[in-house]
Amino acid sequence: MTEATNAATPDRTLAVRGLVKEYVRGKPVLRGIDIAFAPRGMTAIIGPSGTGKSTLIRCINGLVRPTSGEIHFMGLDLAKLRGRDLRLARRRVGMVFQEYNLVERLTVMENALSGRLGYVPVWRAFLRKYPAEDVARAFELLDAVGLGDFAHRRADALSGGQRQRVGIARALMQNPDLLLADEPTSSLDPKTSVEIMELMDGLAAKAGIPVVVNIHNVELAKRFAVRVIGMTGGRVVFDGKPDALEPKHLSEIYGGESWLT
Amino acid sequence: MSAALDREWTRFTPAERMARFAVYLACVVAIVWSIRTIEIIPEFLYDAPEQMADLLTRMWPPDVEYYPTDIHSALVETLHIATLGTILTLVAAVPLGVLAARNIVPWWPVNSAAQLLLVASRSVNSLVWALLFVAVFGPGALAGTMAIAARSIGFVGKLLAEALEETHNGPIEALRAAGAPWGAILLKGYWPQVQPAFWGIALFRWDINVRESAILGLVGAGGIGVALDDAINYFYWDRVAMVLVTVFAVVVIAEILVTQIRKRII
Numbered sequence: 021m022t023e024a025t026n027a028a029t030p031d032r033t034l035a036v037r038g039l040v041k042e043y044v045r046g047k048p049v050l051r052g053i054d055i056a057f058a059p060r061g062m063t064a065i066i067g068p069s070g071t072g073k074s075t076l077i078r079c080i081n082g083l084v085r086p087t088s089g090e091i092h093f094m095g096l097d098l099a100k101l102r103g104r105d106l107r108l109a110r111r112r113v114g115m116v117f118q119e120y121n122l123v124e125r126l127t128v129m130e131n132a133l134s135g136r137l138g139y140v141p142v143w144r145a146f147l148r149k150y151p152a153e154d155v156a157r158a159f160e161l162l163d164a165v166g167l168g169d170f171a172h173r174r175a176d177a178l179s180g181g182q183r184q185r186v187g188i189a190r191a192l193m194q195n196p197d198l199l200l201a202d203e204p205t206s207s208l209d210p211k212t213s214v215e216i217m218e219l220m221d222g223l224a225a226k227a228g229i230p231v232v233v234n235i236h237n238v239e240l241a242k243r244f245a246v247r248v249i250g251m252t253g254g255r256v257v258f259d260g261k262p263d264a265l266e267p268k269h270l271s272e273i274y275g276g277e278s279w280l281t
Numbered sequence: 192m193s194a195a196l197d198r199e200w201t202r203f204t205p206a207e208r209m210a211r212f213a214v215y216l217a218c219v220v221a222i223v224w225s226i227r228t229i230e231i232i233p234e235f236l237y238d239a240p241e242q243m244a245d246l247l248t249r250m251w252p253p254d255v256e257y258y259p260t261d262i263h264s265a266l267v268e269t270l271h272i273a274t275l276g277t278i279l280t281l282v283a284a285v286p287l288g289v290l291a292a293r294n295i296v297p298w299w300p301v302n303s304a305a306q307l308l309l310v311a312s313r314s315v316n317s318l319v320w321a322l323l324f325v326a327v328f329g330p331g332a333l334a335g336t337m338a339i340a341a342r343s344i345g346f347v348g349k350l351l352a353e354a355l356e357e358t359h360n361g362p363i364e365a366l367r368a369a370g371a372p373w374g375a376i377l378l379k380g381y382w383p384q385v386q387p388a389f390w391g392i393a394l395f396r397w398d399i400n401v402r403e404s405a406i407l408g409l410v411g412a413g414g415i416g417v418a419l420d421d422a423i424n425y426f427y428w429d430r431v432a433m434v435l436v437t438v439f440a441v442v443v444i445a446e447i448l449v450t451q452i453r454k455r456i457i
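Residue numbers (my numbering), protein chains in the order written: chain L, 21 to 281; chain B, 192 to 457.
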């Protein structure tokens, strides 16, 4: 993946085909997922807990190895990659986590810069001699997420919303071609949740990259996503525009009806 | 209401209660057995207070004159043995600790091999290590340093491995997701999480090593123990007292130092 191919607008279509994941043999968590994601805009995946949303997202960047199926992105089948190839491919995919997953004892700046660890030689990370353009970019992104003044603060001194902002900055430091988010707002209050979604949506749009987000909050999904995918029992049961998502679909996705009134 | 009263709650199942009783019983048996094994001779026991009083009078006052002539240089040597030994330990214990941590090296033969080495290091007492190294390097501070290092590797390595296994996986996963190579993950994912524990362990071990290296002289491995051994052999109990006072003072100072440093690094 050379710089030249990045410069020309690459095709950022993500295509998942026949994806199956069994943690325990014979008990699939994902039962054959076929989705082609658009090369830009936010796609929200909704569904009850334990339905495989997280597994699906983790299969895309190889944190979970699929049992079978294909994941095509940027001319690669991510499901087939191993070792170094997988590591190099992961650099192109940013990820935001529910529990932020910052390194608590490092500063905000170092957490942001750790998004570059896939690119920067280890000795540079060891000596904290990150390339100047990386540091400049980190300051830029910290400003963009509203934490410009917090660069030297330790991550464990931040609030949940601030931590998630650092998480977003770290993911974007990779200059990714795709942004994944696994329940990015589930640990946050409603107002902060909206702000975090706005940030991810805005910054990804600015970078021209697609976002795939797992989310429990249906309202947030409808508000920010251009497409909603409903999953239940390891299968896709709804796929369409947010407006098309009706109570009967929600009932099918989550089961039951009384909660919908 | 009666239905609720019918339901019983107990903390342990009958099998668990039996197991707990068995453990208590085993403890009592072990204590009784130990007391019978050590064969206390009553005559010596009755005599003990008198002997102790006699010894203390011989020890008092401590021979202060002995400090500048013999103790001081031996004390400095002891501190050098403890410090160098601890540094050597860290060099060897870090790789072993990493290899023993199951979450970092998910391959049990490697974990087991590393753990075996760590256990081997711990299973031998410092004094025994010192005897071995005195045989190898001859008497002196080098043997003492090696003995301290050999004994401490198991201690530091084991505690480091445990600290590594208790780290949060979230940040590690985040760095993996960013495509970081394993060296970077160790450096920026694991190390910051175990850093306070690591320095805590290292300082604690140094503190222990100051005390342990004080007795290594008894088997000829250098340090203040040599002065102690000489004094005991010639029945200079006032000199023995002076050595003991010095060791006590050094241990107290080391303790204060370690506590202060620990406060700063966490």
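For each residue, glycine too, the CB sits at the ideal point set by N, CA and C.
Original post:
Would the beta-carbon of V40(L) fall within 8 Å of that of G89(L)?
Top reply: For the purposes of this step, residue 40(L) is taken as residue 20 along the first sequence, with counting starting at 1. For the purposes of this step, residue 89(L) is taken as residue 69 along the first sequence, with counting starting at 1. Yes; because the gap between Cβ atoms is below 8 Å, this pair is in contact.
**OP:** Give the straight-line distance between the Cα atoms of P286(B) and A341(B), rounded to the nearest whole angstrom.
**Re:** Indexing the second sequence from 1 puts residue 286(B) at position 95. Indexing the second sequence from 1 puts residue 341(B) at position 150. Whole-angstrom Cα-Cα distance: 15 Å.
**OP:** Measuring only between beta-carbons, confirm whether M129(L) sits less than 8 Å from chain B.
**Re:** For the purposes of this step, residue 129(L) is taken as residue 109 along the first sequence, with counting starting at 1. Taking Cβ atoms only, chain B never reaches closer than 8 Å to M129(L), which makes this a no.
Original post:
Is the Cβ-Cβ distance between L161(L) and Q182(L) less than 8 Å?
Top reply: Counted from its first residue, the first sequence places residue 161(L) at position 141. Counted from its first residue, the first sequence places residue 182(L) at position 162. Result no, Cβ atoms of L161(L) and Q182(L) do not sit closer than 8 Å.
Original post:
Which residues in chain B sit within 7 Å of F146(L), going by Cβ to Cβ distance?
Top reply: In the first sequence, residue 146(L) corresponds to position 126, counting from 1. At a beta-carbon threshold of 7 Å, the residues of chain B lying near F146(L) are L378, ordered along the chain.
Subject >> Residues in the stretch 352-364 of chain B having any Cβ partner in chain L nearer than 7 Å >> reply: The residues in question are G361, P362 and E364.
Original post:
Do you know how far the Cα of V49(L) is from the Cα of Y43(L)?
Top reply: Here residue 43(L) is taken as the residue at index 23 of the first sequence, counted from 1. Here residue 49(L) is taken as the residue at index 29 of the first sequence, counted from 1. If I take the Cα positions, the gap works out to 7 Å.
Original post:
Of all Cβ atoms in chain L, is any one closer than 8 Å to the Cβ of A375(B)?
Top reply: Here residue 375(B) refers to the residue found at position 184 of the second sequence. Answer yes: the Cβ-Cβ gap between A375(B) and chain L drops below 8 Å somewhere.
Original post:
In chain order, what residues of the stretch 390-414 of chain B put their CB closer than 7 Å to some CB of chain L?
Top reply: Per Cβ criterion, the list is empty.
**OP:** Going by CA-CA distance only, name the one from A418(B), A432(B) and E446(B) that's closest to T260(B).
**Re:** The count along the second sequence starts at 1 and reaches residue 260(B) at position 69. Per the Cα distances, A418(B).
Original post:
Should A388(B) be flagged as near chain L, meaning a C-beta pair shorter than 8 Å?
Top reply: For the purposes of this step, residue 388(B) is identified with residue 197 of the second sequence, where counting begins at 1. Put simply, the CB of A388(B) is far from chain L, with every gap to its CB atoms at 8 Å or more.
Subject >> Contact under 8 Å by Cβ, G348(B) with A291(B) >> reply: Within the second sequence, the letter at position 157 stands for residue 348(B). Within the second sequence, the letter at position 100 stands for residue 291(B). Result yes, Cβ atoms of G348(B) and A291(B) sit closer than 8 Å.
Original post:
In the structure shown, what three-state DSSP assignment does N26(L) receive?
Top reply: Position 6 of the first sequence, counted from the start, is the residue given in the question as residue 26(L). Any reading at N26(L) needs caution, since the residue's pLDDT is 49, under 50, leaving its predicted position unreliable; the model's value is listed next. Three-state DSSP puts N26(L) in a helix.
Original post:
How would you list, in chain order, the residues of chain B whose beta-carbon sits under 9 Å from the beta-carbon of Q184(L)?
Top reply: Taking the first residue of the first sequence as position 1, residue 184(L) is located at position 164. Residues of chain B passing the Cβ test: none, with the nearest at roughly 12 Å.
Subject >> Cutoff 8 Å: A369(B) Cβ touching any chain L Cβ >> reply: To locate residue 369(B), count along the second sequence from 1; it is residue 178. By this cut-off, A369(B) is an interface position.
Subject >> Host alpha helix (DSSP H) of S343(B) (start-end) >> reply: Here residue 343(B) is taken as the residue at index 152 of the second sequence, counted from 1. S343(B) -> alpha helix (DSSP H) spans A332 to E356.
Subject >> Per-residue burial, P240(B) [other beta carbons within 10 Å of its own, 16 or more giving buried] >> reply: Stepping through the second sequence from its first residue, residue 240(B) is reached at position 49. That one is exposed.
**OP:** Please look up how many angstroms separate the CB atoms of M193(L) and A132(L), rounded, as I've assumed it's under 8 Å.
**Re:** As a first step, residue 193(L) must be located in the first sequence, where it is residue number 173. As a first step, residue 132(L) must be located in the first sequence, where it is residue number 112. The Cβ separation is near 6 Å, so the contact holds.
Original post:
Around the Cβ of V123(L), are there at least 16 other Cβ atoms within 10 angstroms (buried) or fewer (exposed)?
Top reply: Within the first sequence, the letter at position 103 stands for residue 123(L). Buried is the call here.
**OP:** Would you decide whether D209(L) is buried or exposed? Buried here means 16 or more other CB atoms lie within 10 Å of its CB.
**Re:** Looking up residue 209(L) in the first sequence gives position 189. Sixteen is the threshold: since fewer than 16 other Cβ atoms of the shown chains lie within 10 Å of the Cβ of D209(L), the residue is exposed.
Original post:
Where do the N-terminal and C-terminal ends of the alpha helix (DSSP H) with I280(B) fall, by residue?
Top reply: On the second sequence, residue 280(B) is found 89 positions in, with the first residue counted as 1. One detail in the question is off: residue 280(B) reads as Thr in this sequence, not Ile. It spans H263 to A291 - the alpha helix (DSSP H) in which T280(B) sits, taken as one unbroken run.
Original post:
By the criterion of Cβ-Cβ separation under 7 Å, what are the contact partners of E119(L) in chain B?
Top reply: Along the first sequence, read from residue 1 onward, the residue named residue 119(L) stands at position 99. Simply G361.
**OP:** List the whole-angstrom C-beta distance separating V442(B) from R402(B), where the pair is believed to meet the contact cut-off of C-beta under 8 Å.
**Re:** Position 251 of the second sequence, counted from the first residue, corresponds to residue 442(B). Position 211 of the second sequence, counted from the first residue, corresponds to residue 402(B). That pair is a contact at about 6 Å.
Subject >> Outcome for A440(B) when other beta-carbon atoms lying within 10 angstroms are tallied against a minimum of 16 >> reply: Counting from 1 along the second sequence, the entry for residue 440(B) is found at position 249. So A440(B) ends up on the exposed side.
**OP:** Buried or exposed for L216(B), please, with buried defined as at least 16 other CB atoms from any protein chain shown within 10 angstroms of its CB.
**Re:** One-based indexing of the second sequence puts residue 216(B) at position 25. It counts as exposed.
Subject >> Reduced DSSP category for D221(L) - H, G, I as helix; E, B as strand; rest coil >> reply: Position 201 of the first sequence, counting from 1, holds the residue named residue 221(L). Here D221(L) sits in helix by DSSP.
Subject >> Runs of alpha helix (DSSP H) lying entirely within the stretch 223-267 of chain L, each at least 4 residues, in chain order >> reply: Listed in chain order, they are 238-244.
Original post:
Do V413(B) and G335(B) have their C-beta atoms within less than 8 Å of each other?
Top reply: The residue given as residue 413(B) occupies position 222 in the second sequence. The residue given as residue 335(B) occupies position 144 in the second sequence. One detail in the question is off: residue 413(B) reads as Gly in this sequence, not Val. Closer than 8 Å, so yes.
Subject >> For L309(B): DSSP bridge partner residues >> reply: Position 118 of the second sequence, counted from the start, is the residue given in the question as residue 309(B). According to DSSP, L309(B) shares a beta bridge with no other residue.
Subject >> Three-state secondary structure (DSSP) of P161(B) >> reply: Because residue 161(B) is not part of the residues shown, which for chain B are 192 to 457, the question remains open.
Original post:
When the cut-off is 8 Å and only beta carbons count, does V49(L) lie next to chain B?
Top reply: Here the question's residue 49(L) lines up with position 29 in the first sequence. Judged by the 8 Å Cβ criterion, V49(L) is not in contact with chain B.
Subject >> Beta-carbon spacing of G260(L), V246(L) below 8 Å >> reply: Position 240 of the first sequence holds residue 260(L). Position 226 of the first sequence holds residue 246(L). Result no, Cβ atoms of G260(L) and V246(L) do not sit closer than 8 Å.
**OP:** Note down, in chain order, every chain L residue with its Cβ under 7 Å from the Cβ of L366(B).
**Re:** Counted from its first residue, the second sequence places residue 366(B) at position 175. Simply S134 and L137.
Subject >> Reduced DSSP secondary structure (H/G/I, E/B, other) of I456(B) >> reply: Within the second sequence, the letter at position 265 stands for residue 456(B). Correct three-state label for I456(B): helix.
Original post:
With 8 Å set as the bound, which would you pick, yes or no: does the beta-carbon of I36(L) sit closer than that to a beta-carbon of chain B?
Top reply: Numbered from 1 along the first sequence, position 16 holds the residue referred to as residue 36(L). The question names Ile, yet the displayed sequence has Val at residue 36(L). Not an interface residue.
Original post:
Among V449(B), V436(B), R455(B) and Q451(B), which residue has its Cα nearest to the Cα of Y258(B)?
Top reply: Counting from one through the second sequence, the residue named residue 258(B) turns up at place 67. Closest by alpha carbon: V436(B).
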